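Reading through the structure tokens given below for one structure.
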Amino acid sequence: MLQLDILLNEEQKKAVEYLDGPLLVLAGAGTGKTRVITYKIAYLVENCKIPASKIMAVTFTNKAAKEMQNRLKNLIGIKAQPLWAGTFHAISLRILKNEGHLLGLKPFFTIIDEEDRTSIINKILKELNIDKKQYPVKEYANLISKYKNTIDYVYDKDPIVSIYKFLEVYDRYKKYCATNNYIDFDDMLSLTIKLFIKEDPILQYCKNLFQYILVDEYQDTNILQFQFIKYISNGKNICVVGDDDQSIYSWRGADIKNILEFDKYFPETTVIKLTTNYRSGQKILDVANKLILHNKFRRGKNLKTALTQPGKVEVLKFENGETEALFVVNKTKELIANGINPSDIAVLYRTNAQSRIFETYLSNSQIPYRIVGNISFYQRKEIKDILSYLKVFDNPFDSQSLTRALKNPPNGIGDATTNKIIDNSTEKNVDLITSIKDIVNIVSKKQAEALNKFLRLMDMLKSTTDIAQMVHLVVKERDYENYLKQFDEEEYIANKRIYNIYELISAATQFVENNSDASLNDFLSTTTLITSTDELNDNAVNLITVHSAKGLEFNTLFLVGLEEGLFPLYRTYSSEQELEEERRLCYVAITRAKERLYIGWAKTRLTYGKVIENNPSIFIKELTSCTSTTTTIDNNNFRKGNYVEHEKFGKGVIIDINGSNDDAKVKIMFKNFGLKTIIAKFLKMI
DNA sequence: CGCACGAGAATTTTT
DNA sequence: TTCTCGTGCG
103 MLQLDILLNE EQKKAVEYLD GPLLVLAGAG TGKTRVITYK IAYLVENCKI PASKIMAVTF
163 TNKAAKEMQN RLKNLIGIKA QPLWAGTFHA ISLRILKNEG HLLGLKPFFT IIDEEDRTSI
223 INKILKELNI DKKQYPVKEY ANLISKYKNT IDYVYDKDPI VSIYKFLEVY DRYKKYCATN
283 NYIDFDDMLS LTIKLFIKED PILQYCKNLF QYILVDEYQD TNILQFQFIK YISNGKNICV
343 VGDDDQSIYS WRGADIKNIL EFDKYFPETT VIKLTTNYRS GQKILDVANK LILHNKFRRG
403 KNLKTALTQP GKVEVLKFEN GETEALFVVN KTKELIANGI NPSDIAVLYR TNAQSRIFET
463 YLSNSQIPYR IVGNISFYQR KEIKDILSYL KVFDNPFDSQ SLTRALKNPP NGIGDATTNK
523 IIDNSTEKNV DLITSIKDIV NIVSKKQAEA LNKFLRLMDM LKSTTDIAQM VHLVVKERDY
583 ENYLKQFDEE EYIANKRIYN IYELISAATQ FVENNSDASL NDFLSTTTLI TSTDELNDNA
643 VNLITVHSAK GLEFNTLFLV GLEEGLFPLY RTYSSEQELE EERRLCYVAI TRAKERLYIG
703 WAKTRLTYGK VIENNPSIFI KELTSCTSTT TTIDNNNFRK GNYVEHEKFG KGVIIDINGS
763 NDDAKVKIMF KNFGLKTIIA KFLKMI
């Protein structure tokens, strides 16, 4: 039995123990949300004797699911294993894999990612002679995705979309997916709901199976996700946890109404608020509270810290983007010198593009950094190349993967030959491998040789069921390592890619170890679902967008680029709702900080190679009280060890500084001109 | 078929 | 500024 009294505070304990009906836990940032969910599951298993196999815990990311599993294992051991933990997508997929045949899905379907989807739509636009400049691919892709996340879609009603030839495009896309045996990201969820609607026995089975349902980050669920839980819960056995002030995904279809009006859909709902914060100093919370007070669409709450240290908030005005980066680097150096771990420091920005300047400055100063949630491991070219072979092998109707596999590494096969194969396969209604066998006889000798080689590889893959072995086989047979060595301009890039391939092999090995009865198809779908690298917590400064910082916390936080037009972004001015979402986003950012929070904005910034003038973000005014001040950081805030550039003398490193500001005398060791003393205003930071 | 070059666009956020 | 896409040549 769990001793909840010593492990949880009053509010948390109440949330864990409440089982008499639908429960909405409004958990502010840092109030122990994850703790409540984990303990609630442990409580259900240990105290209420509900087997973990009958509990569904929905998380926002795969990583969060994994973390929850680990924590739970520590609490209740092996009994935690059979828990259904994962994102809506992952859980739906599991259901679809078992029951998808009822919707006409072949068992070895392939999940396509954004890149595949774009390339398919691109093809279709070409076929239909639609001008891409006038009607961008992205627009069609977004609209298809939006449609698939509506009730209309699950009830097979036609989309109501006014864009040029949308129906034709959609229709062809649908057919393309059918012939290639594809489902896309959105299908995982919407097809599962279709299944619930069409196949009552399945729905009943699931309803029975899940005795308790928990949903984390509930503020970011969309309409279909709400439908999903409505279908499988019996209206009682459900607990959702979230924070309306942290809803930041409406652009992806998340509906804040889900959390604001939860009790309307589930009338018996009990609401428990968690407002005791264990993360941030009170000064930081004050700023956050003050900011979010400007939002109208919210339930309303005020966070109070349980910590004794008040923390520190500074608002800083910079001359330009470079000064901002320079400040961050210098401060970071100082903190690291004082014993703070680089991994406890984070730079948060609104758009990905802002990361570059920090990368440059940090690496110039030899401070280790990592970019969180950038390109996922499985999105990398070398990984996609290798996997494309396995994908065709697994699903011989997958023409996207075939195209990629035949082209990479280059071996004399291009679009012309590939299209022959695909067309022939459609015509004769045979799979692509069979089609290659036909085509071999009608192409030139060079092409035929390459195709035969490909066929032999496909044959060889049959010799093993070990996924790691398969990857190894592809790499070896295609001489992929040498290809990388030859074609990457820089050696270290090639080496990195080769290293990634070894990583893939070990990922495959690990997957098989953890899922002994899993198939190649299971492995491939898992790789498509994983989005950001679960890099080990190597000791590096974190560069991260505010969106992907959700759920994380850092001792010291630099929130940068708080300028009108950047944060909030220009396009959000038009509607009150969108501006409120930007404000929530800013709130999320602030509440990541534990001890020190630096909020910065730059008067000018280089955008597309042009200098742009800026005004401070409205949020700065909103979060600043009359007492706090903005510090202006001077342009030439040089420190020893900084790298600088001089018009005549080129690049060098600062050895010593005398005086301050623009007229300081700076001693520099230039790369090509040796030691010189220069007035600061003639130097540029690099 | 595959590469090289030049024009032109491009920045929200991601399961 | 940096990347993507299309064109044209070998």
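Count the first sequence with my numbering and you get residues 103 to 788, in order. Just so it is clear, CB atoms sit at the ideal spot from N, CA and C, and this is done for glycine as well. None of the values given here were measured: they were computed from a predicted structure.
What did DSSP end up calling residue i once you bin it into helix, strand or coil?
i	result
Asn422	strand
His748	strand
Thr323	coil
Tyr710	coil
Ala695	strand
Glu715	strand
Glu112	helix
Glu416	strand
Cys308	helix
Arg741	coil
Ala620	coil
Lys773	coil
Val343	strand
Ile488	helix
Met158	strand
Phe784	helix
His203	helix
Lys165	helix
Glu217	helix
Around the Cβ of residue i, are there at least 16 other Cβ atoms within 10 angstroms (buried) or fewer (exposed)?
i	result
Tyr257	exposed
Ser627	buried
Glu697	buried
Val713	exposed
Lys773	exposed
Thr453	exposed
Met103	exposed
Lys486	buried
Lys142	buried
Asn164	buried
Ala167	buried
Thr377	exposed
Write down the C-beta distance between residue i and residue j rounded to the nearest angstrom, noting that I regard them as a contact closer than 8 Å.
i	j	result
Leu508	Phe556	6 Å
Ile374	Leu121	13 Å between Cβ atoms; not a contact.
Phe656	Ala408	Contact flag wrong, Cβ pair sits at about 18 Å.
Ala552	Ile515	5 Å
Glu421	Lys705	6 Å
Phe479	Val430	Between Val430 and Phe479 the Cβ distance is about 27 Å, and since that is not below 8 Å, they are no contact.
Phe162	Leu291	About 14 Å; that fails the 8 Å criterion.
Val343	Val160	Incorrect: roughly 10 Å between the Cβ atoms, too far for contact.
Ile361	Tyr320	5 Å
Whose C-beta lies closer than 7 Å to the C-beta of residue i among residues of the same chain, with five residues either side of it excluded?
i	result
Glu241	Ile265
Ile781	Asp765, Lys767
Asn391	Asn404, Leu405
Ile600	Glu583, Leu586
Thr434	Ile447, Ile469, Val643
Ile759	Phe740, Lys742, Ala766, Val768
Pro444	Ile438, Ile469, Pro470, Asn641, Ala642, Val643
Ile246	Tyr272, Tyr275
Ser790	Residue 790 lies beyond the stretch modelled for the chain, which goes from 103 to 788, so this question has no answer here.
Output needed for residue i: all residues of its chain with C-beta closer than 8 Å, excluding positions within five of it in sequence on either side, in chain order.
i	result
Val147	Pro153, Ala154, Ile157, Ile178, Lys181, Ala182
Val494	Asp500, Ser503, Leu504, Ala507, Leu534, Ile535, Met560
Ser608	Ala570
Asn543	Ala550
Which same chain residues, not among the five before or five after residue i, have their C-beta less than 6 Å away from its C-beta?
i	result
Ile214	Tyr284, Asp286
Val474	Asn644, Ile646, Ser650
Gly355	Asn251, Asn324
Of the residues the options, which one's Cα is nearest the Cα of residue i?
i	options	result
Trp353	Ile299, Phe368, Asp322, Asn602	Asp322
Tyr710	Arg458, Ser719, Thr779, Ala610	Arg458
Tyr451	Glu112, Arg694, Leu777	Arg694
Leu661	Glu680, Leu687, Thr674	Leu687
Lys398	Ile759, Gly776, Leu681, Asn111	Leu681
Asp388	Asp540, Gly761, Val415, Ala280	Val415
Ile340	Thr371, Asp357, Ile295	Thr371
Leu395	Leu725, His748, Gly383, Gln384	Leu725
Leu492	Lys115, Asp107, Glu426, His574	His574
Asn92	Ala144, Leu297, Lys151, Leu195	Because the chain here runs from 103 to 788, residue 92 falls outside it and cannot be looked at.
Glu665	Leu418, Lys778, Lys598, Ser677	Leu418
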